[in-house]
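Everything in the sequence shown is counted per the numbering used here, starting at 285 for the first residue and increasing by one.
Report on the following structure.
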Amino acid sequence: MNSGLFKRLFCQACCALLLLTVALAGSVSAEDSKKGLKAGIIGLDTSHAIAFTKMLNTGNPEGDLAGCRIVAAYPKGSPDIESSVSRVPGYTKQVKEMGVEIVDSIPALLEKVDVVFLETNDGRPHLKQALPVLKSGKPVFIDKPIAASLTDAVALFELAKKYNTPMFSSSSLRFAKGAQRLRNGEEGKIMKASTHSPCSLESTHPDLYWYGIHGVETLFTVMGPGCESVTRTVSNADRDEVAGKWAGGREGHFAGVRKGTPKGYGGTAVGKNGEVAVGGYDGYKPLLVEIVKFFRTGKPPVSPEETLEIYAFMEAADESKRQGGKEVTLASVMKKAEKQAAKKLAKLDLADSGISSDDNKLTAAEKEEGWKLLFNGKNYKGWMCSNGKKIAAPIENGALVPYKSGGYLIVYDKEFSDFKFKCDVKMPEECNSGIFFRVGDLKDPVQSGFEAQVLSRKGTGMHDFGAIYDLVAPSENRASAPGEWTHVEITCQGPHISVAVNGKVVAKLNADEWTVPGKRLDGTGHKFKAAVKDFPRKGYIGFQDHGHKVWYKNVKLLEL
Numbered sequence: 285m286n287s288g289l290f291k292r293l294f295c296q297a298c299c300a301l302l303l304l305t306v307a308l309a310g311s312v313s314a315e316d317s318k319k320g321l322k323a324g325i326i327g328l329d330t331s332h333a334i335a336f337t338k339m340l341n342t343g344n345p346e347g348d349l350a351g352c353r354i355v356a357a358y359p360k361g362s363p364d365i366e367s368s369v370s371r372v373p374g375y376t377k378q379v380k381e382m383g384v385e386i387v388d389s390i391p392a393l394l395e396k397v398d399v400v401f402l403e404t405n406d407g408r409p410h411l412k413q414a415l416p417v418l419k420s421g422k423p424v425f426i427d428k429p430i431a432a433s434l435t436d437a438v439a440l441f442e443l444a445k446k447y448n449t450p451m452f453s454s455s456s457l458r459f460a461k462g463a464q465r466l467r468n469g470e471e472g473k474i475m476k477a478s479t480h481s482p483c484s485l486e487s488t489h490p491d492l493y494w495y496g497i498h499g500v501e502t503l504f505t506v507m508g509p510g511c512e513s514v515t516r517t518v519s520n521a522d523r524d525e526v527a528g529k530w531a532g533g534r535e536g537h538f539a540g541v542r543k544g545t546p547k548g549y550g551g552t553a554v555g556k557n558g559e560v561a562v563g564g565y566d567g568y569k570p571l572l573v574e575i576v577k578f579f580r581t582g583k584p585p586v587s588p589e590e591t592l593e594i595y596a597f598m599e600a601a602d603e604s605k606r607q608g609g610k611e612v613t614l615a616s617v618m619k620k621a622e623k624q625a626a627k628k629l630a631k632l633d634l635a636d637s638g639i640s641s642d643d644n645k646l647t648a649a650e651k652e653e654g655w656k657l658l659f660n661g662k663n664y665k666g667w668m669c670s671n672g673k674k675i676a677a678p679i680e681n682g683a684l685v686p687y688k689s690g691g692y693l694i695v696y697d698k699e700f701s702d703f704k705f706k707c708d709v710k711m712p713e714e715c716n717s718g719i720f721f722r723v724g725d726l727k728d729p730v731q732s733g734f735e736a737q738v739l740s741r742k743g744t745g746m747h748d749f750g751a752i753y754d755l756v757a758p759s760e761n762r763a764s765a766p767g768e769w770t771h772v773e774i775t776c777q778g779p780h781i782s783v784a785v786n787g788k789v790v791a792k793l794n795a796d797e798w799t800v801p802g803k804r805l806d807g808t809g810h811k812f813k814a815a816v817k818d819f820p821r822k823g824y825i826g827f828q829d830h831g832h833k834v835w836y837k838n839v840k841l842l843e844l
């Protein structure tokens, strides 16, 4: 064989092998996508949890359901709705028999799963239950109702956006064949639709949230978004009826039935071929298929905007009822909910940061004693950079954060001599900062003042937490763990200085005894040029920006 022919045959063989490898890799990858998806359930107080577990964990699920399995569940659901609470023991037993591990907390669940079904029947705890899931970044399906208020629904989607976590919510009725056929345009543009469903009431939820959601979701599946206003036309013991106006003159009507007709789920719609049936309920599987697809892709089958519009429709229906059947716009209830959600999220941020509504305020006793609040948690009034520049660091959730501030210290703009000073400090895993006091010269704060050391390292050296920096080591390291708040108190009275950490004095000195420049009492050297007895007895208080994030709150001072 000549060398040219050999080279051609060799290249052809290599190309064929490469194509085969790519093809095999693609098929393995596709197969892998159907394996190993570990799901968890929060809330075993609804039949949905049992239905989903049966479909995924028993038999041999095929197609879109293949490879997704419920592996763990946190049973706790509604705190006080008896119809839900009473189900938990029995449902827990059932899922255990299907190979599901029961865990005692949501964090424990998140350690074991890739994706989450939030199935708690009660919408009230959903925000609290979903928060750790959203923070984890693991895709979550929240079963109906997504929440017990439009405010919480808005807050949930804001949190999902904040943490970049895939999330969606839907009734199973959305994915029934009849509704999907109309949604997909098989009857053209729907100008008018009327749907109905059972509508049992739950006093802890708006009228339509508990069960009417099924028929309302069907209505929006058929009509699509774009509803502008709602009127509650009927509201009595037997039924609720709501009329909605869509953009472009389209109309939608929902009847929630408790007694009488029509029974079950269904409705009609007017399209290009006249009036057609919407269709009824096709079971849980169509919804579960969409959930598993969502878990694999991270792409929700329903937009946040449409889901929020559904809940705004139901909220506006309640508002119309409160106003005696007046027409209520969805924009008006959304505006109110968004405002309330912003306040709620701000409180969640504070709670998450360890700051409460009682922080950065003087107590009645402190006011009586004469304490001053140096930092209000809202702005830097009274504070400046030690170099005279404006403070560049933002306030974070009510905490003063000397990080990338524009100066070496953030200082209060008044000098103090004898005082008691206190604050709370929270450190990350790696932290180096300090609380400077009696700083006489802002151009040279290190050599003209004292520092109470703030350091995340656990130790009792001259530079560890609670030390009077480079002068007196702490008797013990009483700093709280990273991420937790530590209380610090500094007392200066004449030559006497003490530093207390979490309620106990750990370092103290009498400056009058320190008479030798550059020397400690034991004769060892320190970094200061002057004798400690000659340090200023009056000066500024400030927090060091040493290149690490650190948070301070409850900054208070009592002049002695």
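From the three backbone atoms N, C-alpha and C, an ideal C-beta is built for every residue, glycine too.
Can you tell me which residues form a DSSP beta bridge with Asn448? Answer by DSSP bridge pairing: none, since Asn448 is not bridged.
Taking the C-alpha atoms as reference points, what is the distance between Gly787 and Lys419? Straight-line Cα distance between these residues: approximately 34 Å.
Under three-state DSSP, which class holds Gly563? The answer is coil: DSSP assigns Gly563 none of H, G, I, E or B.
Given this structure, state the Cα-to-Cα distance separating Ser732 from Leu646, to the nearest angstrom. Looking at the two C-alpha atoms, the distance is approximately 30 Å.
Entirely enclosed alpha helix (DSSP H) segments - the segment 486 to 542, minimum 4 residues: Counting only runs of 4 or more, we get 497 to 507.
Within the same chain, show all residues whose beta-carbon is closer than 6 Å to that of Thr435, passing over the 5 residues directly before and after it, in chain order. Result list for Thr435: Ala621, Gln624 and Ala625, in chain order.
Should Ile354 and Ile325 be called a contact, given that it needs their Cβ atoms to be closer than 8 Å? A contact, by the Cβ cut-off of 8 Å.
Only counting the same chain, and skipping five residues up and downstream in sequence, which positions put a Cβ closer than 6 Å to that of Leu505? Position check: residue 505 holds Thr in this sequence, whereas Leu was assumed. If we look at Thr505 and ignore the five residues flanking it on each side, its Cβ neighbours are Arg458, Ala463 and Arg467.
If Asp796 sits next to Lys817, beta carbons under 8 Å apart, how far is it from one beta carbon to the other, in whole angstroms? 5 Å between Cβ atoms; contact.
Is it the case that the CB of Glu486 approaches a heavy atom of the ligand SAH more closely than 7 Å? Here there are no bound small molecules, and the ligand SAH is not part of this structure.
Note down the Cα distance separating Ile694 from Met668, rounded to an integer number of angstroms. Their backbone Cα atoms lie some 6 Å apart in a straight line.
Looking only at C-alpha atoms, which of Val756, Lys631 and Ile719 sits nearest to Leu684? The closest CA to that of Leu684, considering only Val756, Lys631 and Ile719, is found on Ile719.
Go ahead and label Ser311 buried or exposed: buried means 16 or more other beta carbons lie within 10 angstroms of its beta carbon, across all protein chains shown. The pLDDT assigned to Ser311 is 28, lower than 50, so where the model puts this residue is not dependable; a value taken from the coordinates is nonetheless given after this. With fewer than 16 Cβ atoms within 10 Å of its Cβ, Ser311 is classed as exposed.
On a Cα-Cα basis, can you pick out the residue from Lys742, Lys813, Gly567 and Trp769 that is closest to Asp728? When only C-alpha atoms are compared, the closest one is Lys813.
Within 10 angstroms of its Cβ, does Gly567 collect 16 or more other Cβ (buried), or is it exposed? Counting Cβ neighbours within 10 Å, Gly567 comes out exposed, since fewer than 16 surround it.
Neighbourhood of Pro450 by C-beta distance below 6 Å, restricted to the same chain and skipping five residues each side: These residues qualify, in order along the chain: Pro423 and Gly582.
Classify Pro678 as buried or exposed, calling it buried when 16 or more other Cβ atoms lie within 10 Å of its own Cβ. Result: exposed.
Once DSSP output is grouped into helix, strand and coil, what is the label at Phe597? Looking at Phe597 - three-state DSSP - the assignment turns out to be helix.
Whether Ala460 touches Tyr375 by CB criterion (8 Å): Cβ atoms of Ala460 and Tyr375: not closer than 8 Å.
Straight-line Cα distance separating Glu385 from Val342: The sequence shown places Thr at residue 342, rather than the Val named in the question. When rounded, the distance between both Cα atoms is 15 Å.
Just the Cα atoms here: how many angstroms apart are His537 and Ser454? So the two alpha carbons sit approximately 19 Å from each other.
Backbone CA spacing between Gly724 and Phe700 [nearest angstrom]: Between the C-alpha atoms of Gly724 and Phe700 there is a straight-line separation of about 10 Å.
Alpha carbon to alpha carbon, what distance is there between Ser389 and Ser484? Straight-line Cα distance between these residues: approximately 31 Å.
Identity of the residue in Lys556, Val576, Gly548 and Gln413 nearest Gly563 by Cα: Distance from the Cα of Gly563 is smallest, within the candidate group Lys556, Val576, Gly548 and Gln413, for Gly548.
Tell me the DSSP secondary structure of Gln731 in three-state form. Note: Gln731 maps to coil in three-state DSSP.
Excluding five sequence neighbours on each side, which residues of the same chain lie with their C-beta closer than 6 Å to the C-beta of Glu525? Setting aside the 5 residues that flank it on each side, Glu525 is surrounded in the same chain by Thr517, Val518 and Ala539, each with a C-beta closer than 6 Å to its C-beta; the list follows chain order.
To which residues of the same chain is Lys822 closer than 8 Å at the C-beta, ignoring the five residues directly before and after it? Correct list, in chain order: Glu699, Phe700, Ser701, Arg722 and Gly724.
Hey, quick one: how far does the alpha helix (DSSP H) through Arg467 stretch, first residue to last? Lys461 to Arg467 is the extent of the alpha helix (DSSP H) around Arg467.
Going by DSSP, name the residue or residues bridged to Val785. Among the bridge pairs identified by DSSP, Val785 is matched with Val772 and Lys788.
In angstroms, rounded to a whole number, what distance separates the CA positions of Gly849 and Leu394? Not covered by the structure: residue 849. The range shown for the chain is 285 to 844.
Mapping DSSP to helix, strand and coil, what is Gly831? Three-state result, Gly831: coil.
Over what stretch of residues does the alpha helix (DSSP H) that includes Met339 continue unbroken? Here the alpha helix (DSSP H) through Met339 covers Ser331 to Asn341.
Where do the ends of the alpha helix (DSSP H) carrying Arg722 lie? First-last for Arg722: Asn716 to Val723, but that is the beta strand (DSSP E), not the alpha helix (DSSP H).
Expressed to the nearest angstrom, what Euclidean distance is found between the alpha-carbon atoms of Asp642 and Phe705? Computed Cα separation, rounded: 19 Å.
Look up Ile694 in the DSSP assignment and give the residues it is bridged to. Within the DSSP secondary-structure output, Ile694 pairs in a beta bridge with Cys669 and Phe827.
Given His498, which residues of its chain have a CB within under 6 Å of its CB, disregarding the five upstream and five downstream residues? Closer than 6 Å at Cβ, skipping near neighbours: Ser455, Leu457 and Ser481.
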